[in-house]
Every structure is written in C-alpha cells, then in structure tokens.
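**Q** Could you have a look at this structure, given as structure tokens, before my questions?
Numbering (my numbering), first residue to last: 2 to 223.
Structural data, given as structure tokens:
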C-alpha cells in the first residue's frame, strides 16, 4: 500500500514543480522585452508558473546582460530592459522632441524631485516666485510628477512627488541617484538666482530617507 501511495503522490507533486532556472530567465526576459513599461517582481511572478522565483531569475538575467548593448535595469520597484547608457547616442535619430520644458517647469520639477513630498506653497517659497497652474499641469500630463499624500496642516494641501516614469526617463533607480546642485547648474538646468536651499548636494541627502517626509508620517495622510 505504501508503494502505491508514493506512486500516486509523485505525479501530483510534479505538477507544481517550477521550471529550471534557465527557463525562468527566458520567461522574465520575454516579458521585459515585450513590455514598454517597467515590470515589478510581483507582476512577473503572476505571469510565470507556480513556484517560480522571479527575483532570482532577474539577478541571473541582469548578470548575463552585463556589458551588452541592452541591460536589465531596476527602475524604482520594477525592472526593465533598456539601451546601455553609453550607447544612447545611437538612438538620437529615433528620438522626437515634441515639447521643450520651460525654465519654470525645470526648476519646479527639480524641487519636487529633491524635496518630495512637497506642496505648491513650499515650491513657491523655495523658488521665490509663484508657480503657475500650467507648469504643474504640464508635468502632470507628462506623468513625471503625481499627487502625493495630503499634508496634515491647515487646509490639508496636496503634495507632489516624482513618478516611476520620471525615474525611467532619466535612467535612475531611485531619487537617491539624482545629481547634485553643482551638476545641475553646470548642465544649465538651474538659474543662478535659485537659492542654495532649493536643492541639496548629493552629500547632503540622508541615505536612509528617499524623501523629506519619510520620517514624519504624522504630517501626512494617505
């Protein structure tokens, strides 16, 4: 009876056996290659057979693509296949610039990126001038910023934060990878009139915090 019981259990167990890791890598590669947007580990595992380890497959796939023309990159909490940074110049002919950001939009975007979550009033205080609705609407339309949590202050103003699309566009894994104030000014992205308090240098950023409000949950509501 015992031998028959073992024989009956074996086929059932094999139904839930995960594919070899090499096959899992191919699955992850196929999904990332076909997706225009970064894909999270959870989404990958929801597409793959039961028992697959998408995180491990990503690590192996990323290593296999090292030094190639395309790379497996982490974008926020998701993953994507993107052109190697040093080969970006080859894509310039394929890029069509439909709209140029105004100086006000660039400064507003930079302040949001470095001070998120930040309110409109805080942006205006840093810049020293008012922020037009058109500037914010443009950044929202481009999906480079989004509304964050409401701040628990009088009026409960909404805050703004950058999006995964913003990180993906600039090839950043997280907001910690943003350049410092000197780099932005040398690139001509900031006017000299912007006060020094507007943006921190890389060294001024706390390595344990992604944004200014990370350690102050009592100031915000979901």
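Built from N, CA and C at the ideal position, the CB exists for glycine as well.
#1: Report the residue from 136, 105, 115 and 134 whose alpha carbon sits nearest the alpha carbon of residue 128.
#2: From the DSSP output, read off the bridge partner residues of residue 81.
#3: Just to confirm, are residue 81 and residue 53 a CB contact at a threshold of 7 angstroms?
#4: Please determine if the segment 133-140 and the segment 66-86 are in contact, where contact requires at least 3 C-beta pairs separated by less than 8 angstroms.
#5: If I'm right that residue 161 touches residue 148 with Cβ under 8 angstroms, what's the distance once you round it to whole angstroms?
#6: One question on the structure: do residue 62 and residue 26 come within less than 7 angstroms of each other, judged by their Cβ atoms?
#7: Within 10 angstroms of the Cβ of residue 155, are there 16 or more other Cβ atoms? Answer buried if so, exposed if not.
#8: For residue 146, list the residues DSSP reports as bridge partners.
#9: Under the assumption that residue 76 contacts residue 39 (Cβ atoms under 8 angstroms), give the Cβ distance between them as a whole number of angstroms.
#10: Return the Cβ separation of residue 35 and residue 165 in integer angstroms, given the expectation that the two are a contact with Cβ distance under 8 angstroms.
#11: Using the rule of at least 16 other Cβ atoms within 10 Å of the residue's Cβ for burial, across every protein chain shown, is residue 49 buried or exposed?
#12: Just verifying my parser: in three-state terms, what is the DSSP assignment at residue 12?
#13: In chain order, what residues of the same chain have a beta carbon less than 8 angstroms from the beta carbon of residue 41, not counting five sequence neighbours either side?
#14: Closest by CA to residue 67, which one among 51, 55, 56 and 87?
#15: Output needed for residue 114: all residues of its chain with C-beta closer than 8 angstroms, excluding positions within five of it in sequence on either side, in chain order.
#16: How many Å lie between residue 33 and residue 21 at the Cα?
#17: Output yes or no for whether 7 angstroms exceeds the beta carbon distance between residue 130 and residue 121.
#18: Taking just the CA atoms, how far does residue 58 sit from residue 92?
#19: Using the three-state DSSP reduction, which class does residue 109 fall into: helix, strand or coil?
#20: Buried or exposed: residue 195, going by 16 or more other Cβ atoms within 10 Å of its Cβ?
#21: Can you tell me which of 169, 110 and 174 puts its alpha carbon nearest to the alpha carbon of residue 37?
**A** On the basis of the data shown:
#1: If you number the chain shown from 1, residue 128 lands on position 127. With distances taken between Cα atoms, residue 128 lies closest to 105.
#2: Indexing the chain shown from 1 puts residue 81 at position 80. Bridge partners of residue 81: 74.
#3: Numbered from its first residue, the chain shown carries residue 81 at position 80. Numbered from its first residue, the chain shown carries residue 53 at position 52. Contact flag unset, no.
#4: Too few Cβ pairs lie closer than 8 angstroms, so no.
#5: In the chain shown, counting from the first residue as 1, residue 161 sits at position 160. In the chain shown, counting from the first residue as 1, residue 148 sits at position 147. So it is a contact: roughly 7 angstroms between Cβ atoms.
#6: Translated into positions along the chain shown, residue 62 becomes position 61. Translated into positions along the chain shown, residue 26 becomes position 25. A contact, by the Cβ cut-off of 7 angstroms.
#7: Position 154 of the chain shown, counted from the start, is the residue given in the question as residue 155. Classification for residue 155: exposed.
#8: Taking the chain shown and counting its residues from 1, one reaches residue 146 at position 145. DSSP, once it has assigned bridges, lists 163 as partnering residue 146.
#9: Position 75 of the chain shown holds residue 76. Position 38 of the chain shown holds residue 39. Right, the Cβ-Cβ distance comes to about 4 angstroms (below 8 angstroms), so this counts as a contact.
#10: The residue you call residue 35 lines up with position 34 of the chain shown. The residue you call residue 165 lines up with position 164 of the chain shown. With 8 angstroms as the limit, residue 35 and residue 165 do not qualify as a contact, their Cβ atoms being about 18 angstroms apart.
#11: The residue you call residue 49 lines up with position 48 of the chain shown. Around the C-beta of residue 49, 16 or more other C-beta atoms lie within 10 Å, and the residue is accordingly described as buried.
#12: Position 11 of the chain shown holds residue 12. At residue 12 the pLDDT is 44, less than 50, meaning the model places this residue with poor confidence; the figure from the coordinates comes in the next sentence. Looking at residue 12 - three-state DSSP - the assignment turns out to be helix.
#13: Sequence index remark: in the chain shown, residue 41 carries index 40 (1-based). Here residue 41 has 78, 79 and 80 as same chain residues with Cβ atoms under 8 angstroms from its own Cβ, once five neighbours each way along the sequence are excluded.
#14: For the purposes of this step, residue 67 is taken as residue 66 along the chain shown, with counting starting at 1. Considering only alpha carbons, the answer is 87.
#15: In the chain shown, counting from the first residue as 1, residue 114 sits at position 113. The residues are 163, 167, 176 and 179.
#16: Translated into positions along the chain shown, residue 33 becomes position 32. Translated into positions along the chain shown, residue 21 becomes position 20. So the alpha carbons of these two residues sit roughly 19 angstroms apart.
#17: On the chain shown, residue 130 is found 129 positions in, with the first residue counted as 1. On the chain shown, residue 121 is found 120 positions in, with the first residue counted as 1. No, Cβ-Cβ distance for residue 130 and residue 121 is not below 7 angstroms.
#18: Start at 1 with the first residue of the chain shown, and residue 92 comes out as number 91. Start at 1 with the first residue of the chain shown, and residue 58 comes out as number 57. Whole-angstrom Cα-Cα distance: 28 angstroms.
#19: Stepping through the chain shown from its first residue, residue 109 is reached at position 108. Reduced to three states, the DSSP call for residue 109 is helix.
#20: Counted from its first residue, the chain shown places residue 195 at position 194. Low local confidence applies: a pLDDT of 48 at residue 195 is under 50, so the model's placement there is unreliable, and no value is given.
#21: Within the chain shown, numbered from 1, the residue matching residue 37 stands at position 36. Here the closest residue by C-alpha is 169.
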